[in-house]
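Protein chains in written order, with this note's numbering: chain Z, 142 to 389; chain A, 6 to 162.
#1: Just tell me which of Z:285, Z:207 and Z:234 has its CA closest to the CA of residue 340 of chain Z.
#2: Any beta-carbon of chain A closer than 8 Å to the one on residue 198 of chain Z?
#3: Along chain Z, in chain order, which residues have C-beta atoms closer than 8 Å to that of residue 112 of chain A?
#4: Going along the chain, which unbroken runs of the alpha helix (DSSP H) with 4 or more residues stay wholly within the stretch 29 to 86 of chain A?
#5: Here's the rule I'm using: 16 or more other beta-carbon atoms within 10 Å means buried, otherwise exposed. How should residue 102 of chain A be labelled?
#6: Check the Cβ of residue 203 of chain Z against every Cβ in chain A and list those closer than 7 Å, keeping chain order.
#7: Rounded to the nearest angstrom, what separates residue 328 of chain Z and residue 262 of chain Z at their Cα positions?
#8: Quick check: what's the CA-CA separation for residue 160 of chain A versus residue 184 of chain Z?
#9: Which of the residues in the stretch 260 to 293 of chain Z, read from start to end, lie with their CB under 7 Å from any CB of chain A?
#10: Taking a contact to mean a Cβ-Cβ separation below 8 Å, would you say residue 310 of chain Z touches residue 374 of chain Z in this structure?
#11: Can you say whether residue 16 of chain A is buried or exposed, counting buried as having 16 or more other CB atoms within 10 angstroms of its CB?
#12: DSSP three-state label for residue 169 of chain Z, please.
#13: DSSP three-state call for residue 99 of chain A: helix, strand or coil?
#14: What in chain A is Cβ-close to residue 215 of chain Z, meaning under 7 Å?
#15: At 8 Å on the CB atoms, spell out the chain A contacts of residue 218 of chain Z, in chain order.
#16: Whose Cβ in chain A lies nearer than 7 Å to the Cβ of residue 207 of chain Z?
#17: Assess, as a yes-or-no matter, whether the stretch 196 to 216 of chain Z is touched by the stretch 232 to 252 of chain Z under the definition of 3 or more beta carbon pairs within less than 8 Å.
#18: When you compare the CB positions of residue 334 of chain Z and residue 242 of chain Z, do they come within less than 8 Å of one another, or not?
#19: Residues of chain A with CB under 7 Å from residue 189 of chain Z, in chain order?
#20: Would you call residue 147 of chain Z buried or exposed, if buried means 16 or more other Cβ atoms sit within 10 Å of its Cβ?
#21: Shorter than 8 Å from the beta carbon of residue 210 of chain Z to some beta carbon of chain A?
#22: May I ask you to list the residues that DSSP assigns as paired with residue 198 of chain Z?
#23: Please report the residue range of the alpha helix (DSSP H) in which residue 280 of chain Z lies.
#24: Using a 10 Å radius around the Cβ and a threshold of 16 neighbouring Cβ atoms, would you call residue 79 of chain A buried or exposed?
#25: Going along the chain, which residues of its own chain have a beta-carbon closer than 7 Å to the beta-carbon of residue 39 of chain A, five neighbours each way excluded?
#26: On the three-state DSSP scale, how would you describe residue 223 of chain Z?
#27: From the beta carbon of residue 48 of chain A, is the nearest beta carbon of chain D less than 8 Å away?
#28: Reducing DSSP to helix, strand and coil, say where residue 206 of chain Z ends up.
#29: CA-CA distance, residue 53 of chain A and residue 14 of chain A?
#30: Does DSSP put residue 246 of chain Z in a helix, in a strand, or in coil?
#31: Reducing DSSP to helix, strand and coil, say where residue 155 of chain Z ends up.
#32: Could you please give me the residues that DSSP links to residue 150 of chain A through a beta bridge?
#33: Assign residue 259 of chain Z to one of three DSSP states: helix, strand, or coil.
#34: Please determine if the stretch 169 to 189 of chain Z and the stretch 275 to 295 of chain Z are in contact, where contact requires at least 3 C-beta pairs separated by less than 8 Å.
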């Protein structure tokens, strides 16, 4: 078994899932992967099983947050030291995973975010979205003092301690900006590295135009909640005393 | 006028009280979650039987008509009840989420084990007769089947 895990949450991704997994197998050989199929209504499950992919099937549809958290729970149970989340829609380039892994290892970071906006290469998202992203960037700066250029990036790699934390506590939907604040507030180290992302090829983004309002409202409040005041958890609660992981 | 209203409220509250009570008896409503309803009903009855408290309070708060005070009370109670339910929902939400995740991982683990057994040509068979004091591992039996591969090899030879 390898030490790093790619978590691929998938909901109705029959058009992208094979490409995503093959990309990881080919370009990220130091990673195991697990697909968390969030009760897809399309052929995702059958496709995965036919291809012999490593897939965990959620018995009920419970949202992206719960699916990703299930991936972190998997990483914790099976004793992975690093976990990275990659969207099942083929937007993320697996070639960057190896680079991220070596950086998180050598610089001993707790969390690494792949940012589209450091070198401004590849798919840069639309203008309206950029505005939203800037807004969250600013919120994070205010609450934590740290600069995160791409707070909505789904490409996030974390070490063992943050795996333990996410397995315990992870937002139900649209978790990215909020968890960046929480992780920093808990005193973990966080760094961004430049990555290139592709535009989505098939299927629709989970953030359709109709949900944009909900997204902005929810995530803004969540950022304020995470940024201000009392924090229930302490960093020490998730310290890993048994590196190598608990055995099942 | 005031007495008629008092009577109507008292009767309505009592009926509601008894109705919720009967639902609790039928296990339709969990007593724990009915408590907040009982609490509100009792407060309503107290206010209804002693309207003096209502007049005193409305005077205190500068409300001209005591009936408006009653409205305010009702509104407050509804908020209280909704608040308790929000907490209940949140709690259940978290638990359900964790259950779904655990079920998914358990299923995965089971498939893993079944797959490993299948590789070894071992089938899991249920044993019908079992005694109650034995653990779950005694309820199944692992049966190693003859390998079909070797048979086909022999035929080829």
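Every residue, glycine too, gets a C-beta built ideally from N, C-alpha and C.
From a predicted model like this one, the values you see are computed outputs, not experimental measurements.
Reading it off the structure:
#1: Here the question's residue 340 of chain Z lines up with position 199 in the first chain. The shortest Cα separation from residue 340 of chain Z among Z:285, Z:207 and Z:234 belongs to Z:234.
#2: Within the first chain, the letter at position 57 stands for residue 198 of chain Z. With 8 Å as the cut-off, residue 198 of chain Z counts as an interface residue toward chain A.
#3: As a first step, residue 112 of chain A must be located in the second chain, where it is residue number 107. Going along chain Z in sequence order, the residues near residue 112 of chain A (Cβ under 8 Å) are 197, 198 and 200.
#4: 36 to 54 and 56 to 66
#5: The count along the second chain starts at 1 and reaches residue 102 of chain A at position 97. So residue 102 of chain A counts as buried.
#6: Locating residue 203 of chain Z in the first chain gives position 62, where the first residue counts as 1. Neighbours of residue 203 of chain Z on chain A, chain order: 102 and 105.
#7: To locate residue 328 of chain Z, count along the first chain from 1; it is residue 187. To locate residue 262 of chain Z, count along the first chain from 1; it is residue 121. Whole-angstrom Cα-Cα distance: 30 Å.
#8: Within the second chain, residue 160 of chain A is the residue found at index 155, counting from 1. Within the first chain, residue 184 of chain Z is the residue found at index 43, counting from 1. The predicted model places residue 160 of chain A with a pLDDT of 49, which falls under 50 and marks its position as unreliable; any figure quoted below should be read in that light. Between residue 160 of chain A and residue 184 of chain Z, the C-alpha separation is close to 40 Å.
#9: none
#10: Translated into the one-based positions of the first chain, residue 310 of chain Z becomes position 169. Translated into the one-based positions of the first chain, residue 374 of chain Z becomes position 233. In this structure, residue 374 of chain Z lies closer than 8 Å to residue 310 of chain Z by Cβ.
#11: If you number the second chain from 1, residue 16 of chain A lands on position 11. So residue 16 of chain A counts as exposed.
#12: In the first chain, the residue the question calls residue 169 of chain Z occupies position 28. Of the three classes helix, strand and coil, the one that applies to residue 169 of chain Z here is coil, per DSSP.
#13: Sequence index remark: in the second chain, residue 99 of chain A carries index 94 (1-based). DSSP places residue 99 of chain A in helix when its eight states are reduced to three.
#14: One-based indexing of the first chain puts residue 215 of chain Z at position 74. Here the neighbours are 110.
#15: Translated into positions along the first chain, residue 218 of chain Z becomes position 77. Correct list: 110.
#16: Locating residue 207 of chain Z in the first chain gives position 66, counting from the first residue. Here the neighbours are 102, 105 and 106.
#17: no
#18: Numbered from its first residue, the first chain carries residue 334 of chain Z at position 193. Numbered from its first residue, the first chain carries residue 242 of chain Z at position 101. Going by C-beta atoms, residue 334 of chain Z is not nearer than 8 Å to residue 242 of chain Z.
#19: Counting from 1 along the first chain, the entry for residue 189 of chain Z is found at position 48. In chain order: nothing, as chain A lies at least about 12 Å away.
#20: Start at 1 with the first residue of the first chain, and residue 147 of chain Z comes out as number 6. The residue is buried, with at least 16 neighbouring Cβ atoms inside 10 Å.
#21: Here residue 210 of chain Z is taken as the residue at index 69 of the first chain, counted from 1. Chain A, which has a Cβ nearer than 8 Å to the Cβ of residue 210 of chain Z, makes this yes.
#22: Against the first chain, residue 198 of chain Z aligns to sequence position 57. Z:178, per the DSSP bridge assignment.
#23: If you number the first chain from 1, residue 280 of chain Z lands on position 139. Counting along the chain, the alpha helix (DSSP H) containing residue 280 of chain Z begins and ends at 268 to 285.
#24: Counting from one through the second chain, the residue named residue 79 of chain A turns up at place 74. By the 10 Å Cβ count, residue 79 of chain A comes out exposed.
#25: Here the question's residue 39 of chain A lines up with position 34 in the second chain. Taken in chain order, the residues that qualify are 25 and 29.
#26: The count along the first chain starts at 1 and reaches residue 223 of chain Z at position 82. Strand at residue 223 of chain Z.
#27: Looking for chain D here will not work: the only protein chains present are Z and A.
#28: Counting from one through the first chain, the residue named residue 206 of chain Z turns up at place 65. In this structure, residue 206 of chain Z counts as helix in the three-state DSSP scheme.
#29: Locating residue 53 of chain A in the second chain gives position 48, where the first residue counts as 1. Locating residue 14 of chain A in the second chain gives position 9, where the first residue counts as 1. Cα-Cα distance, rounded: 7 Å.
#30: Numbered from 1 along the first chain, position 105 holds the residue referred to as residue 246 of chain Z. Three-state DSSP puts residue 246 of chain Z in a helix.
#31: The sequence position of residue 155 of chain Z within the first chain is 14, counting from 1. Coil, per DSSP.
#32: Taking the second chain and counting its residues from 1, one reaches residue 150 of chain A at position 145. Answer by DSSP bridge pairing: none, since residue 150 of chain A is not bridged.
#33: Counting from one through the first chain, the residue named residue 259 of chain Z turns up at place 118. DSSP places residue 259 of chain Z in coil when its eight states are reduced to three.
#34: no
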